[in-house]
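Novice: Below is the structure I would like to discuss, written out as structure tokens.
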Amino acid sequence: MNHQDPLSRRQLLRAGFYSAAGLYLASQQALRGIQPLDLKPLCPSLVRPGKAKAVIQIWMWGGPCHLDTFDPKPDAGRDYTGPLDKPLPTKVDGLRIGQLLPKLAKQADKYSVIRSMTHGVQSHETASYITQTGWKSGGRVVHPSFGAVVSKFLGRDAGYKGLIPPYIVLTRPQGRFSEAGCLGSAYKPFATGGDPGRGQFLVEGIAAPGVTRKRQETRRQLLDRLNTFARDRKGDPELARFFESESQAYDLILGDAGKVFELSEEKDEMRDFYGRNTFGQSCLMARRLVEKGVPYITINYRGWDTHKRHFESMQRMLPQMDQGLAALLEDLSQRGLLDSTIVWWGGEFGRTPKILWNAPWNGGRSHHGHCFSTLIAGGGFRGGQVLGSSDEKGMYPDERPVYPWDLHAAMYGLLGIDPQAKLRHPQGQMVPLLPGPLEGYESGGPLKELV
Numbered sequence: 001m002n003h004q005d006p007l008s009r010r011q012l013l014r015a016g017f018y019s020a021a022g023l024y025l026a027s028q029q030a031l032r033g034i035q036p037l038d039l040k041p042l043c044p045s046l047v048r049p050g051k052a053k054a055v056i057q058i059w060m061w062g063g064p065c066h067l068d069t070f071d072p073k074p075d076a077g078r079d080y081t082g083p084l085d086k087p088l089p090t091k092v093d094g095l096r097i098g099q100l101l102p103k104l105a106k107q108a109d110k111y112s113v114i115r116s117m118t119h120g121v122q123s124h125e126t127a128s129y130i131t132q133t134g135w136k137s138g139g140r141v142v143h144p145s146f147g148a149v150v151s152k153f154l155g156r157d158a159g160y161k162g163l164i165p166p167y168i169v170l171t172r173p174q175g176r177f178s179e180a181g182c183l184g185s186a187y188k189p190f191a192t193g194g195d196p197g198r199g200q201f202l203v204e205g206i207a208a209p210g211v212t213r214k215r216q217e218t219r220r221q222l223l224d225r226l227n228t229f230a231r232d233r234k235g236d237p238e239l240a241r242f243f244e245s246e247s248q249a250y251d252l253i254l255g256d257a258g259k260v261f262e263l264s265e266e267k268d269e270m271r272d273f274y275g276r277n278t279f280g281q282s283c284l285m286a287r288r289l290v291e292k293g294v295p296y297i298t299i300n301y302r303g304w305d306t307h308k309r310h311f312e313s314m315q316r317m318l319p320q321m322d323q324g325l326a327a328l329l330e331d332l333s334q335r336g337l338l339d340s341t342i343v344w345w346g347g348e349f350g351r352t353p354k355i356l357w358n359a360p361w362n363g364g365r366s367h368h369g370h371c372f373s374t375l376i377a378g379g380g381f382r383g384g385q386v387l388g389s390s391d392e393k394g395m396y397p398d399e400r401p402v403y404p405w406d407l408h409a410a411m412y413g414l415l416g417i418d419p420q421a422k423l424r425h426p427q428g429q430m431v432p433l434l435p436g437p438l439e440g441y442e443s444g445g446p447l448k449e450l451v
């Protein structure tokens, strides 16, 4: 050990093994403790091989304004449009989107817009729950999020062998509710931490500040030499799973699997194409994870809860969103991945169409769950379509309301997951994957126009 790396044996044991194996061991322990789901569907005829193999969810934390993005209302007046009153024509005839989204305008043939999403909920927590689970809050069952369900049906229970967890969040947990719900901790997402927009993407448990791959390898070798107990017990069958987990954890850190997080492997031109910022590089990271076979990736894009000085935030954030999302769609398409990857953009709700000009809001927008927009692309969804419409000022759906459970059903179907399946709750009862008429839920109907 040299003077530049003065670690004690105890520190080596902690840094060398536990930081490496912690993620993998935790997931394996959780998997062993969870009661398996009943995957038998109610209607076997509805189950067919899914065209979609992965989902990239772009979660607009706080709620984006539909009038500023995919449902502009230039004739509504300044109290509704603010300075964003010049929508752009797109590649699709008759479709106009917000004036700060020129790159997405050129990719409009690749996505469709739902302009009549609705649930009527105005609180972040309950709106997030209904949008991500497809269920209203307040019942006895805590339902799992869409990502947790996909990680169950397309993850390890379906033979997923990747060392990378099947449900990844870039980069911070969403935090509004327990995404795993009644499925338990085995189906929680792994939040990477770090910032892919910085020089080194410090993924929790995989990379550490100032520690190179070479230095990690040296630490492992030194730990192996010092850990005589482990060396003497290598053949012990009772510790076989422990040593297997250790080996796989090191493979994640030092092998090919962990390299997926090294954005430095991408050409500078590609990184510039996505945008040298947290969101743009998160989109690039999501594409790399899809290439590695990860079935569900969420980009938790924070900052959209713009109660004050809304338009100052939009002038900064919308161009970043425009570049990153447009690059993702184009890149997935050119690589032949868009047909098998659903891209789902949206937040828990929208923002109030009428602007709050008075102090202290100074041009802010509040929560609006009565009507908002969602973008959907890939995985079997048709591009270049507009489903539904809002009224003249974007307050309420005018035609073809779409509820969160309607959208979930369409996405599940494209993923080959029966929307009418039931999950086994840890307490033994069977829980419907999605609500229906028996639960008193109204529906806008199947999204046949988009599938």
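Numbering (the numbering used here), first residue to last: 1 to 451. Just so you know, even glycine gets a beta-carbon here, dropped at the ideal spot from N, CA and C.
How about the stretch 258-273 and the stretch 296-314: do they share at least three Cβ pairs that are nearer than 8 Å?
Specialist: no
Novice: Could you give the DSSP three-state label for Phe-153: helix, strand or coil?
Specialist: Mapped onto the sequence shown, residue 153 falls at position 153. It is helical.
Novice: What do you reckon, are the CB atoms on Val-402 and Ser-116 nearer than 8 Å?
Specialist: Residue numbering aside, residue 402 sits at position 402 when the sequence shown is read from its first letter. Residue numbering aside, residue 116 sits at position 116 when the sequence shown is read from its first letter. Yes, Cβ-Cβ distance for Val-402 and Ser-116 is below 8 Å.
Novice: Select from Lys-136, Ile-355, Val-150, Lys-188 the residue whose C-alpha is nearest the C-alpha of Pro-173.
Specialist: Taking the first residue of the sequence shown as 1, we reach residue 173 at position 173. If we check each option's Cα against that of Pro-173, Lys-188 comes out closest.
Novice: Is the stretch 368-388 touching the stretch 63-70, taking contact as three or more C-beta pairs under 8 Å?
Specialist: yes
Novice: Mapping the DSSP letters down to three states, classify Thr-341 as helix, strand or coil.
Specialist: As a working mapping, residue 341 is identified with position 341 in the sequence shown. Of the three classes helix, strand and coil, the one that applies to Thr-341 here is strand, per DSSP.
Novice: Could you tell me if Asp-5 is buried or exposed, where buried requires 16 or more neighbouring beta carbons within 10 angstroms of its beta carbon?
Specialist: The count along the sequence shown starts at 1 and reaches residue 5 at position 5. No answer about Asp-5 holds up, because its pLDDT of 44 lies below 50 and its placement is not dependable.
Novice: Measure how close the beta-carbons of Val-451 and Leu-414 come, nearest whole angstrom, since I'm counting them as under 8 Å.
Specialist: Start at 1 with the first residue of the sequence shown, and residue 451 comes out as number 451. Start at 1 with the first residue of the sequence shown, and residue 414 comes out as number 414. Yes, Val-451 and Leu-414 are in contact; Cβ-Cβ is about 7 Å, under 8 Å.
Novice: What's the gap between the Cα of Leu-329 and the Cα of Gly-193?
Specialist: Here residue 329 corresponds to residue number 329 of the sequence shown, with the count starting at 1. Here residue 193 corresponds to residue number 193 of the sequence shown, with the count starting at 1. Approximately 24 Å between the Cα atoms of the pair.
Novice: Below 8 Å between beta carbons: does that hold for Ser-128 and Phe-177?
Specialist: Here residue 128 refers to the residue found at position 128 of the sequence shown. Here residue 177 refers to the residue found at position 177 of the sequence shown. Cβ distance < 8 Å, so Ser-128 and Phe-177 count as in contact.
Novice: Is the beta carbon of Pro-397 closer than 8 Å to that of Ala-409?
Specialist: In the sequence shown, counting from the first residue as 1, residue 409 sits at position 409. In the sequence shown, counting from the first residue as 1, residue 397 sits at position 397. Contact flag unset, no.
Novice: On a CA-only basis, which of Leu-433, Asp-406, Trp-59 is nearest Gly-444? Give me that one, please.
Specialist: Indexing the sequence shown from 1 puts residue 444 at position 444. The residue with the shortest Cα to Cα distance from Gly-444 is Asp-406.
Novice: Using DSSP with H/G/I as helix, E/B as strand and the rest coil, what is Val-431?
Specialist: Translated into the one-based positions of the sequence shown, residue 431 becomes position 431. Note: Val-431 maps to strand in three-state DSSP.
Novice: Nearest CA to the CA of Cys-182: which residue from Val-431, Leu-438, Ala-377, Tyr-441?
Specialist: Against the sequence shown, residue 182 aligns to sequence position 182. It is Val-431 whose Cα lies nearest to the Cα of Cys-182.
Novice: Compute the Euclidean distance between the alpha carbons of Ile-417 and Leu-104, then round it to the nearest angstrom.
Specialist: What you label residue 417 is simply residue 417 of the sequence shown in a count that begins at 1. What you label residue 104 is simply residue 104 of the sequence shown in a count that begins at 1. Looking at the backbone, the Cα of Ile-417 and that of Leu-104 are separated by about 30 Å.
Novice: The alpha helix (DSSP H) with Ala-459 in it runs from where to where?
Specialist: Because the chain in this structure spans residues 1 to 451, residue 459 falls outside the shown range and cannot be described.
Novice: Using DSSP's beta-bridge definition, name the partner residues of Asn-300.
Specialist: The residue you call residue 300 lines up with position 300 of the sequence shown. When beta bridges are read from the DSSP output, Asn-300 appears opposite Trp-59.
Novice: Return the bridge partner residues of Ala-191 from the DSSP annotation.
Specialist: Taking the first residue of the sequence shown as position 1, residue 191 is located at position 191. For Ala-191, which the question treats as bridged, DSSP gives the partners Val-169.
Novice: Could you give the DSSP three-state label for Ser-128: helix, strand or coil?
Specialist: Here residue 128 refers to the residue found at position 128 of the sequence shown. Helix, per DSSP.
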